[in-house]
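The structure appears below as structure tokens.
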Amino acid sequence: MKKILVCDGVTDLKKYLENHKDIKICLYLAEKTKEAWDISTSRVYMNQIDERFVYLPVNIKKGDWESIREVYTIAENNNQIVAINQTQPHKSNPVQREWFKKQSIPQNVDSLIKDKFNKLQCYNLNGPSFVNWFEDEVTSLSNNIVIIFGVGGVGEPIARIIANKKAKCLYLIDTSSKEELAKDLSKSANVFYLDCLSKVDFNINNKIVLINCAGKEGGDDKTIVDVLKQLRNLDNIFVDLRPQLDIEIVNIAKQQGWNAYTGFGMNSRNDYVLLQKIQDITGINIPSFEQFAKLVKDAS
């Protein structure tokens with residue numbers, strides 16, 4: 000399947016805009032290796048929506064705040080750019096906090112979408128998309144032990160919503176300290192931070208929901224595989240948020256008797272909500288959700 004080229008930084012973005020003046024654009028800001036960009040499915044399905052719309056990947060290095068600031072400036076001064084989808088390592092970045100300091104914005108921002116005045120507005124689409132998918136298609140989150148492995152870009156907004164879903168308890172697993180986040184979320188639920196998965200007390204009777212958020216940015220699966228084998232055939236649930244349909248660790252989970260899912264369902268919902276908001280301000284034609292989900296599946 001044909002994939003749109005990735006702009007390597009701001010210079011490439013400016014060239015693209017100069018040569019494509021008759022389309023509406025959603026920028027996709029990320030930092031990925033060539034190999035990671037090659038398997039990025041959104042480059043395919045998001046560019047099958049409408050010939051007047053392009054979902055344009057832009058590779059920006061982590062910590063390059065000057066480029067992020069320049070991208071925001073270009074976006075607000077160019078009517079072609081109608082939205083920005085930003086993933087790790089650019090979610091909730093310091094430039095964004097400075098840019099929107101006079102506004103009340105979500106705690107975790109993954110999308111910037113223009114309003115009718117051509118001004119960017121902040122949205123958290125990842126968290127609600129995950130929970131809506133999970134509770135519609137898997138099971139309720141209440142009264143379960145939920146473990147989030149990797150509490151970075153997408154893990155934090157998911158944790159914030161799950162904390163309000165009456166889970167039995169919520170474990171945040173990350174090598175970077177999440178003590179402050181756990182303390183904040185403990186106002187709503189029993190939340191604990193641990194620096195490694197092996198420290199969780201698995202001698203519990205409740206169903207476990209293990210969510211791998213680290214894999215979306217390329218985490219180490221070995222620790223998770225050990226847990227999948229340790230807790231085999233107990234009717235627990237495992238989710239790996241990478242959007243592909245065929246993920247090795249998900250297949251291993253199924254072999255060990257877990258109810259296992261990829262991030263395909265969440266990803267479809269997240270991007271469809273983004274497209275709906277873009278349709279509202281551009282008039283582009285978008286398919287039904289069922290048709291869109293098939294595009295995502297075919298690209299995965």
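Numbering of the sequence shown is given in numbering that gives the first Met the number 0, commencing with residue 0 and proceeding in unit increments. Ideal placement from N, C-alpha and C gives every residue a C-beta, glycine not left out. Just so it is clear, the structure is predicted and the values come from calculations on it, not from any experiment.
Practice prompt. Note down, in chain order, each residue of its chain lying with its Cβ closer than 7 Å to the Cβ of Pro93, except the 5 sequence neighbours on either side.
Written response: Correct list, in chain order: Trp64.
* Counting only beta-carbon atoms, is Asn205 nearer than 8 Å to chain C? -> Among the chains of the structure shown, chain C does not appear; only one protein chain is present.
Taking only runs of the alpha helix (DSSP H) that begin and end inside the segment 203-271, which ones reach a length of at least 4 residues, in chain order?
Runs found: 221-229, 247-254.
N- and C-terminal bounds of the alpha helix (DSSP H) containing Phe291
Taken as a continuous stretch (DSSP letters only), the alpha helix (DSSP H) holding Phe291 covers 288-298.
Q.
At the level of alpha carbons, what is the spacing between Leu119 and Met45?
A. Between Leu119 and Met45, the C-alpha separation is close to 20 Å.
| request: Using a threshold of 8 Å, state whether the C-beta atoms of Lys293 and Ile112 are closer than that. | output: The Cβ atoms of Lys293 and Ile112 do not sit closer than 8 Å to each other.
* To do: Rounded to whole angstroms, what's the CA-CA distance from Lys13 to Ile24? Just pull it up for me.
  => So the alpha carbons of these two residues sit roughly 13 Å apart.
**Prompt:** Starting from Phe129 and walking both ways along the alpha helix (DSSP H), at which residues does that stretch end?
**Reply:** Counting along the chain, the alpha helix (DSSP H) containing Phe129 begins and ends at 125-136.
- Task: Have a look at Lys186 and Leu230 and give me their C-alpha separation to the nearest angstrom.
- Result: Between Lys186 and Leu230, the C-alpha separation is close to 30 Å.
Q) Does DSSP put Lys31 in a helix, in a strand, or in coil? A) The answer is coil: DSSP assigns Lys31 none of H, G, I, E or B.
* Can you grab the Cα-Cα spacing for the pair Ala213 / Lys164, in whole Å? => Those two C-alpha atoms are separated by around 22 Å.
Would you mind stating whether Ser197 and Ala166 have Cβ atoms separated by less than 8 Å? Between Ser197 and Ala166, the CB-CB gap reaches or exceeds 8 Å.
Worksheet item: Is the beta carbon of Phe148 sitting closer than 8 Å to the one on Ile80?
Response: No, they are not a contact pair.
Asp7, DSSP secondary structure in three states: Of the three classes helix, strand and coil, the one that applies to Asp7 here is strand, per DSSP.
Limits of the unbroken beta strand (DSSP E) element including Pro88
Pro88 -> no beta strand (DSSP E), and no H or E assigned at all.
- Put Gln120 into one of helix, strand or coil per three-state DSSP. The answer is strand: DSSP assigns Gln120 an E or B state.
TODO: For the segment 148-162 and the segment 95-114, state whether three or more C-beta atom pairs, one from each stretch, are separated by less than 8 Å.
DONE: Counting Cβ pairs under 8 Å, three or more are found: they touch.
Residues bridged to Cys168 (per DSSP): Answer by DSSP bridge pairing, in chain order: Ile144.
Query raised in the report: Between which two residues does the alpha helix (DSSP H) carrying Ser41 extend?
Result: Residues 41-44.
- prompt: Which same chain residues, not among the five before or five after Lys60, have their C-beta less than 7 Å away from its C-beta?
  reply: Sequence-distant partners of Lys60 (beyond 5 residues in either direction) whose C-beta falls short of 7 Å from its own C-beta, in its chain, are Glu30.
Buried versus exposed, by CB contacts within 10 Å (16 or more), Phe116: A residue is called buried once 16 or more other Cβ atoms fall within 10 Å of its Cβ, and Phe116, having fewer, is exposed.
Can you tell me where the beta strand (DSSP E) holding Ile112 begins and where it ends? Per DSSP, Ile112 belongs to the beta strand (DSSP E) from 110-113.
Next on the checklist: Please identify the residue among Asn202, Ser267, Asp7, Ile248 whose C-alpha is closest to the C-alpha of Thr222.
Outcome noted: Nearest in C-alpha terms to Thr222, of all of Asn202, Ser267, Asp7, Ile248, is Ile248.
Does DSSP put Ile83 in a helix, a strand or coil? Of the three classes helix, strand and coil, the one that applies to Ile83 here is strand, per DSSP.
Between which two residues does the beta strand (DSSP E) holding Pro56 run? Counting along the chain, the beta strand (DSSP E) containing Pro56 begins and ends at 52-58.
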